Structure formats: C-alpha cells, structure tokens
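Undergrad: So the protein sequences, as listed, match chains A and B.
In short: position in the first sequence from 1, add 5, done, that's our numbering.
In short: position in the second sequence from 1, add 5, done, that's our numbering.
C-beta: ideal position from N, C-alpha, C; glycine also.
Computed from a predicted model, the values in this text were never measured in an experiment.
There are 2 protein chains.
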Amino acid sequence: MTKNFNFIDKLRKAGLRPTKQRVKICEILFNREKTFHFTINDLAKKISEELNEKISLATVYNTVHAFEKKGYLKEIAINGDKSYFDTNITAHHHFYDEDTHELIDCDQNDIDSINIKNNITGKKINSVEILIKVASDNQNQN
Amino acid sequence: MTKNFNFIDKLRKAGLRPTKQRVKICEILFNREKTFHFTINDLAKKISEELNEKISLATVYNTVHAFEKKGYLKEIAINGDKSYFDTNITAHHHFYDEDTHELIDCDQNDIDSINIKNNITGKKINSVEILIKVASDNQNQN
DNA sequence: CAATAGTTTAGAATAATTATAATATATAGT
DNA sequence: ACTATATATTATAATTATTCTAAACTATTG
Ligand SMILES: [Mn+2]
Ligand SMILES: [Mn+2]
Ligand SMILES: [Zn+2]
Ligand SMILES: [Zn+2]
C-alpha cells in the first residue's frame, strides 16, 4: 500500500501518468529483492497469475517500453528470437544458461573492468557488455 | 572456378551435400577478404543482386543454419529483432554501430583477455563475448 | 465537473522465422 | 550409366514476436 504511493511518485517524476496498469506492473517488477530478468511473455504470464484483472498484451509492451525509455528497465539481447528485460539498470554483465534460457547477473567483482584500446573513429561508446553462455557440463558430445 | 571445387570439398567434408544453392551461397559468403556480418535479409538481397537465378528464402534460412551447425558461420545477438551471422567463426568481440546497424569485428589485441573469477556451479562456459555499442558523437542530448 | 491530452484495448497488420508437403536432386549401389 | 534412396529445394502456409489502429477510457488541469 505504502509501496504503491512510491510507484505513483516514481511514475510521476518520470513524466508517466500513474495509470492502474502501470502501477500494477511496477508492483510486479520492482517489489522484489533480486534482479528480475524477463521476456514480455514471462511478464504477461506473471500478470495473469498474480492479478485478478487482465492487462492487454499491447499495454504490457507499451508499458515495458515506456519504462525502458525512462531508464527503469534495460533491454538485453541474447538471441534473435525475443527481447529480455532487466530490472538491474546498472552496467553489468550476464551469464546465459543455454539449458534453462535463464539470464543471471554476473557479480561485477568477478570480472575486471574492460579496457578498449581502440574505438571506432568518430563514435562514442554507449555500452560495453559481456555475455557468458553456459550449459550443463555433461552434454552429448556430438 | 577452382574456388568452387574448394567449396564442394568443404561441404562434402562437413557431410553436407554440395547442392547448387549451397555452393552459390558459399561463394557469396566465403569468397572475400574481410569478415562478412549479415542478416538473412542482407544475404538474400546479395543473392538476388549477384546471381541470375533466385534461391528460395526458406533455402537461405536452411542453408545458413546448416552452415552454422557445421561451424562455418556464427550467430551474433544484437537485439531481439533479427539475427546477425558472422563468417568469422573465431571467438571475438564486436562493435555495434547503433547509427548504421553495422557489426564490426574488434581486434583481439585491443581488449585484454577476460578472466571470470566465478562461474555458475555445475555449468561449463561455452562462450564469452563482448558487445560494444557505439554511436555518433554529436547526438541530440535528450 | 468539463475539456483535453494521454492511455488502454481488442484486434488487425507486419516482420522474422519455421513447418509442410510436393517436387527435384545428389549419391550409393548396381 | 541407371535406379533406388536419402536428402534438399521450393512455394506456400503457419507461427511467433512485435507494432499499429482507432475507438473507448481515464488522469490531469482549470
Ligand atoms: Mn525495444
Ligand atoms: Mn538460429
Ligand atoms: Zn541483469
Ligand atoms: Zn565478427
């Protein structure tokens, strides 16, 4: 309850109208201890599980993209299939479990900072991210 | 001409039948000095430009995936929209130009090797890749 | 409260990719 | 070389992720 006022405030500060749907999605995304990595489908499923009311899929897309634009969420590319989003908006690296298709945050202390000795001329670096793909050790050796 | 025999051989060695379409795609992909980064659409366009005959889009998809499975191509994830492929199959990092949507190989000497101090328990690391997103320096400062 | 601008929604539209099933081709065995 | 078999190609349909549309709804401002 108190939390909801926080979300309404948060949305207002970002210039987003605190609609019922946006506040609900905030609750699902940000009322948690740990980072949440999800696809739009994951989120839509969670909404229909945890909520009595439905939110239109278009609204889920719109809201997630609105949050991304305002810096509440980050988009992570894993494959060409679908987009992952991340409630951890700091610069950080990921493990991607190819068995479970899960994204896991990499502890920043576990990787030394990356030094790029030569950038493309006339361009500015916007982000530097590592993706570590892992899989079960006992695999069928083709 | 001599090149084609190489491609036929290359395909045979990988257990792929050297069909007309596969050899043609080999020519387009591998008869070049520099790494080629492309989307299926890029490749399909090149095929229809450089060839007199058409190759069905399904065959382009099938062939690219067959080559990927055999290790002739690598898939690179940039965003959730579409897949990029890479004729440079060695482990390497990329710049992604957000203005032109171009992928550029990063010289291995320009980045020190990455040391991951803690892996996920019970999992084996399959790949470690950096994606450096760059954009024009003189941008609209929102 | 009324006006307005912004939001939600169902459903249509697009775009990337994959599946289907008929036809064609490559290859191994004769 | 001819035939049988497995595999590949193709046009087209189907699927999936995402975005668009336009009408109904709602938050904010005065
Ligand atoms: Mn997006
Ligand atoms: Mn693929
Ligand atoms: Zn993360
Ligand atoms: Zn490359």
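1) Would residue 94 of chain A be called buried (16 or more neighbouring beta carbons within 10 Å of its own) or exposed?
2) In chain order, what residues of the same chain have a beta carbon less than 6 Å from the beta carbon of residue 15 of chain B, not counting five sequence neighbours either side?
3) Determine the DSSP secondary structure at residue 110 of chain B, reduced to helix, strand or coil.
4) For residue 125 of chain B, verify whether its CB is less than 8 Å away from any heavy atom of ligand 3.
5) Along the chain, where does the alpha helix (DSSP H) that runs through residue 68 of chain A open and close?
6) Express the C-alpha separation of residue 117 of chain B and residue 132 of chain A in angstroms, rounding to a whole number.
7) Anything with a beta carbon under 7 Å from a heavy atom of ligand 3 counts; list them all in chain order.
8) By DSSP, does residue 21 of chain A sit in helix, in strand, or in coil?
9) Compare the C-alpha of residue 25 of chain A against each of A/58, A/88, A/62, A/99 and name the closest.
10) Given that residue 65 of chain B touches chain A, what residues does it touch there, using C-beta distances under 8 Å?
11) Where does residue 144 of chain A sit, in a helix, a strand or coil, going by DSSP?
12) Give a yes or no on whether 9 Å exceeds the smallest Cβ distance from residue 85 of chain A to chain B.
13) For residue 119 of chain A, go through chain B and note every residue whose CB falls closer than 8 Å to its CB, in chain order.
14) With which residues is residue 139 of chain B paired in a DSSP beta bridge?
15) Note down, in chain order, every chain B residue with its Cβ under 9 Å from the Cβ of residue 102 of chain A.
16) Output the distance between the C-alpha atoms of residue 90 of chain B and residue 81 of chain B, rounded to the nearest integer angstrom.
17) Rounding to the nearest angstrom, what Cα-Cα distance links residue 61 of chain A and residue 56 of chain B in this structure?
18) Measure the beta-carbon distance from residue 130 of chain B to residue 98 of chain B and round it to whole angstroms, keeping in mind my assumption that it falls under 8 Å.
19) If you draw a straight line from the C-alpha of residue 104 of chain A to the C-alpha of residue 85 of chain B, how long is it?
20) What do you get for residue 126 of chain A, buried or exposed, if any count of 16 or more other CB atoms within 10 angstroms of its CB means buried?
TA: Let's see:
1) As a first step, residue 94 of chain A must be located in the first sequence, where it is residue number 89. Under this definition residue 94 of chain A is an exposed residue.
2) What you label residue 15 of chain B is simply residue 10 of the second sequence in a count that begins at 1. Answer for residue 15 of chain B: no residue qualifies.
3) If you number the second sequence from 1, residue 110 of chain B lands on position 105. In this structure, residue 110 of chain B counts as strand in the three-state DSSP scheme.
4) Sequence index remark: in the second sequence, residue 125 of chain B carries index 120 (1-based). False, no ligand heavy atom lies under 8 Å from that Cβ.
5) As a working mapping, residue 68 of chain A is identified with position 63 in the first sequence. Residues 62-75.
6) Taking the first sequence and counting its residues from 1, one reaches residue 132 of chain A at position 127. Taking the second sequence and counting its residues from 1, one reaches residue 117 of chain B at position 112. Whole-angstrom Cα-Cα distance: 17 Å.
7) A/40, A/42, A/81, A/91, A/93, A/97, A/99, A/108, A/110
8) Residue 21 of chain A sits at position 16 when you count from the first residue of the first sequence. Note: residue 21 of chain A maps to coil in three-state DSSP.
9) Position 20 of the first sequence, counting from 1, holds the residue named residue 25 of chain A. Here the closest residue by C-alpha is A/58.
10) Locating residue 65 of chain B in the second sequence gives position 60, counting from the first residue. Those do not exist, as residue 65 of chain B stays about 15 Å from chain A at its closest Cβ, beyond 8 Å.
11) As a first step, residue 144 of chain A must be located in the first sequence, where it is residue number 139. Confidence is the limiting factor: at residue 144 of chain A the pLDDT is only 49, short of 50, which leaves the residue's position unreliable, though a coordinate-based value still follows. Residue 144 of chain A: coil per DSSP, three-state reduction.
12) Counting from 1 along the first sequence, the entry for residue 85 of chain A is found at position 80. Yes, because at least one Cβ of chain B sits closer than 9 Å to the Cβ of residue 85 of chain A.
13) As a first step, residue 119 of chain A must be located in the first sequence, where it is residue number 114. Ordered by position in chain B, the residues that pass the 8 Å Cβ test against residue 119 of chain A are 116, 117, 119, 135.
14) To locate residue 139 of chain B, count along the second sequence from 1; it is residue 134. Answer is A/130, B/102, bridged to residue 139 of chain B.
15) As a working note, residue 102 of chain A is residue 97 in the first sequence. Per Cβ cutoff of 9 Å: 125, 128.
16) For the purposes of this step, residue 90 of chain B is identified with residue 85 of the second sequence, where counting begins at 1. For the purposes of this step, residue 81 of chain B is identified with residue 76 of the second sequence, where counting begins at 1. Rounded to whole angstroms, residue 90 of chain B to residue 81 of chain B spans 6 Å at the Cα level.
17) On the first sequence, position 56 is the one that residue 61 of chain A refers to. On the second sequence, position 51 is the one that residue 56 of chain B refers to. When rounded, the distance between both Cα atoms is 46 Å.
18) Position 125 of the second sequence, counted from the first residue, corresponds to residue 130 of chain B. Position 93 of the second sequence, counted from the first residue, corresponds to residue 98 of chain B. That belief does not hold up - the Cβ atoms of residue 130 of chain B and residue 98 of chain B are roughly 15 Å apart, past 8 Å.
19) As a first step, residue 104 of chain A is located in the first sequence; it is residue number 99 there, counting from the start. As a first step, residue 85 of chain B is located in the second sequence; it is residue number 80 there, counting from the start. When rounded, the distance between both Cα atoms is 19 Å.
20) Looking up residue 126 of chain A in the first sequence gives position 121. By the neighbour-count rule (16 or more Cβ atoms within 10 Å), residue 126 of chain A is not buried but exposed.
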